[in-house]
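Going by my numbering, the sequence shown opens with residue 801, and the numbers climb by one from there. As structure tokens, the structure follows; a few thoughts come after it.
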Amino acid sequence: MLRLNKLLLLILSILLCSCVHQMQATGGSSTQNLSQNPSPADTAIEEKQLTEAKKTSSNLFNWKKKNNEQEIMDEALDLLGQSQDSWEKGDLENALKSLDNAYELILDVNGNLDISRQKDDLRFMISKRILEIYASRHTVATGNGSEIPLVMNQDIKKEIRRFQTSERRFFIESYRRSGFYRQTILDHLKKAGLPEELSWLPLVESGFKIKALSRARALGLWQFIPSTGYKFGLKRDNWIDERMDVVKSTEAAIAYLKELHGMFGDWMTVLAAYNCGEGRVLKVISRQHVNYLDNFWDLYRRLPYETARYVPRFLATLHIMKDPDKYGMDLGNDLKRPVSYELVKTSKCMHLRDIALHLNISKEKVTSLNPELRYKLTPDREYDLKVPPGTAERFALVANKIPKRKAPCPAFVRHRVRKGESLSIIAGRYKSSTRAIMAYNRLKSRHRIREGQRLKIPIRGYGYVQRPVKKRVRIGKVALLPGKVIEYRVKQGDSLWLLARHFNTTVSEIERVSNLRSSRLRIGQIIKIKSRTATKTYTVREGDSPDKIAKKHKVKLRSLLKLNNLSRRDRIYPGQIIVVER
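This is the structure:
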């Protein structure tokens, strides 16, 4: 800079001498020239010389400014390098400070096109580096073993008071259950480089209940909804639901938490996003127009109530676990023992009850080790079954003696609503209940179904086949001549609509003959039924289809479907009564 100033003074001195020399060359002494009025020619020459001097001076100033701005950009680039060095050493504070200084330097720089491009590039590099530093916090050692700030405010105090009073029993029982799984969770968190405090997250999520199910159908220790579980590799089919597998669901939760941390940078915001979804949190961030990094409490009031409670609730848990006596929480010494097991390979469908019987252990023992098996049946493919320690060798000896079971049936069937049908009619037809159908389809009112709507109908008692089914055909030849009146005792699942179809009559006819004042039936009630024609019925068994039934009874498929008001798309289920002849 000093060198540049000297150069500028030298050039200005040369210009001044040149001007004086030119004036002397025009004639006369210096005294005469000063006393006389300058001629127009002299004035023109002087103006030209002055313009040249100004132009030269301006060029020098611009050159000086350009070089100053370039030096600023170079200095900002050096600070970026210093930030990188601090980051690699784990000094996040100085890494961020260097980036702040670099940004402050380039803030007021407004140069030519080249400088502007450099400024844009530096801005991008600084912002990118800030995000990278925040996202790397889960792998950089902090020296204190904790990356989740243990803050205290009124909201956290309120949650602590809840745990001390109305939710005291829940907290203590959840803590005791944590003994089953927490060590496994801790091992996986350490391996992934995540904060150990996250091992208490299942206490807030599920109370450490492996089969905890929320209203939003989130399941397991980590409360995955089906779509998020699928995204992070958790399988769910007729056999298993890995949201209830401790190891696999923990691995999925860690992957999800890592992804969220890379997105948001601080653990408070990550926990909020884990609870209500990253989309919801991003929406709140975009609306508030403030720097959200490491500042969850800026978002706090704008989040859904459940999520706004979720983070303080988790922090309240950490405070209590850090010093239970301080908060008057006697957690006791009866912490559950960690789950231990051996793995054995299976490849056929077996019931856990049969496995327990052949291993001389309780059914509850083997069931508790394999909560992910939806119907207590091992899949008919290769599968790693958990058995109590010391029983793997015995299992290898008795595996061939354990009876093979049939695959589980679907837990529900689909039904297309027809004209005139109500939920009670549909429930009666499938031996289900109105309440179960409403819950399964998330219906708010029993009256809000429409023609053509497809419903999922949960089937009672059809999760799996417990015993081998005897191969016998149940065909009922109704001993009822046309016009004959009989007395019928109402059984569970009966409805007027089902009985009318079964006996080939109408609901109104049954009501008239039996003098019924209401269409509601009660178990054991005696009603009178007058049939129009005799009918032959068949009770559907596992593996049946309309086509098989039609061939078995030598009737046309079209006639069978018409008799039962079915379409080719409709499913039939075990236990359903089908009319095969009239």
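Backbone N, C-alpha and C define an ideal beta-carbon position, used for all residues, glycine too.
query = Just the Cα atoms here: how many angstroms apart are lysine 957 and arginine 969?
reply = CA-to-CA, the gap between lysine 957 and arginine 969 works out to about 18 Å.
Bounding residues of the beta strand (DSSP E) (the contiguous stretch that carries arginine 1216) = 1212-1216
request  = Would you decide whether leucine 907 is buried or exposed? Buried here means 16 or more other CB atoms lie within 10 Å of its CB.
outcome  = Exposed, since its Cβ has fewer than 16 Cβ neighbours within 10 Å.
request  = Taking only the alpha-carbon atoms, compute the straight-line gap between valine 1198 and proline 1124 and give it to the nearest angstrom.
outcome  = 48 Å
message = Going by C-alpha to C-alpha distance, which of Met873, Asp900, Arg929 sits closest to tryptophan 887?
response = Arg929
inquiry  = Could you tell me the alpha carbon to alpha carbon distance between isoleucine 1237 and isoleucine 1161, rounded to whole angstroms?
reply    = Rounded to the nearest whole angstrom, the C-alpha separation of isoleucine 1237 and isoleucine 1161 is 38 Å.
ask   = Helix, strand or coil: how does DSSP classify arginine 1347 here?
value = The displayed chain sequence assigns aspartate, not arginine, to residue 1347. DSSP places aspartate 1347 in helix when its eight states are reduced to three.
Extent of the continuous beta strand (DSSP E) run through tyrosine 1074 = Run containing tyrosine 1074: none in the beta strand (DSSP E); it sits in the alpha helix (DSSP H), 1067-1076.
task = Output yes or no for whether 7 Å exceeds the beta carbon distance between proline 1188 and lysine 1165.
result = yes
ask   = Contact check, proline 1208 vs tyrosine 1175 under 8 Å by CB: the rounded distance?
value = 5 Å
query = By a C-beta neighbour count over all protein chains shown, 10 Å radius and 16 as the cutoff for buried, is alanine 1239 buried or exposed?
reply = exposed
request  = Express the C-alpha separation of aspartate 1045 and valine 1213 in angstroms, rounding to a whole number.
outcome  = 27 Å
query = Does the beta-carbon of tryptophan 1039 have 16 or more other beta-carbons within 10 angstroms, so that it is buried, or is it exposed?
reply = buried
message = Just to confirm before moving on: does the CB-CB distance between serine 999 and leucine 1019 stay below 7 Å?
response = A distance of 7 Å or more separates the beta carbons of serine 999 and leucine 1019.
ask   = Helix, strand or coil: how does DSSP classify threonine 1305 here?
value = coil
message = Buried or exposed, going by whether 16 or more other CB atoms sit within 10 Å of the CB of threonine 1117?
response = With 16 or more other Cβ atoms within 10 Å, it is buried.
task = Determine the DSSP secondary structure at histidine 938, reduced to helix, strand or coil.
result = For histidine 938, the predicted model reports a pLDDT of 40, less than 50, meaning its position is unreliable and no value from the coordinates is stated.
ask   = Taking DSSP as the reference, what is the three-state secondary structure of tyrosine 1175?
value = coil
key: CB contact flag (arginine 1216, arginine 1254, <7 Å)   = yes
query = In or out: isoleucine 1286 buried (at least 16 other Cβ within 10 Å) or exposed?
reply = exposed
task = Determine, using beta carbons only, whether leucine 1060 and alanine 1052 come nearer to each other than 7 Å.
result = no
request  = Answer yes or no: do leucine 1298 and isoleucine 1310 have a C-beta to C-beta separation smaller than 7 Å?
outcome  = no
key: Nearest-angstrom Cα separation, counted from glutamate 869 out to asparagine 912   = In this structure, the CA atom of asparagine 912 is about 10 Å from the CA atom of glutamate 869.
request  = Could you pull out every unbroken alpha helix (DSSP H) segment of at least 4 residues lying fully inside the region 956-1004, listed in chain order?
outcome  = 968-992
key: Three-state secondary structure assigned by DSSP to proline 1203   = coil
query = Is it buried or exposed for proline 949, if we count other Cβ within 10 angstroms and need 16 for buried?
reply = exposed
key: Beta-carbon proximity check, lysine 1136 vs phenylalanine 980, cutoff 7 Å   = Result yes, Cβ atoms of lysine 1136 and phenylalanine 980 sit closer than 7 Å.
ask   = To the nearest whole angstrom, what separates the beta carbons of isoleucine 926 and leucine 899, a pair I think is in contact under 8 Å?
value = 5 Å
inquiry  = Restricting to Cα atoms, I'd like to know which of Lys1244, Arg1250, Tyr1230, Ile1249 is closest to isoleucine 1257.
reply    = Residue Tyr1230 is the option with its Cα nearest to isoleucine 1257.
ask   = tyrosine 1288 and isoleucine 1329: beta carbons closer than 7 Å?
value = yes
ask   = How would you write the range of the beta strand (DSSP E) that aspartate 1184 sits in, first residue to last?
value = Residues 1183-1187.
inquiry  = Rounding to the nearest angstrom, what Cα-Cα distance links cysteine 1076 and threonine 1028 in this structure?
reply    = 12 Å
query = Does DSSP classify phenylalanine 1008 as helix, strand or coil?
reply = coil
key: Secondary structure of aspartate 1041, DSSP reduced to three states   = strand
Valine 1290 vs alanine 1300 beta-carbon contact at 7 Å = no
query = What are the start and end residues of the beta strand (DSSP E) that includes leucine 1118?
reply = It is not in any beta strand (DSSP E) - leucine 1118 instead sits in the alpha helix (DSSP H) that spans 1105-1122.
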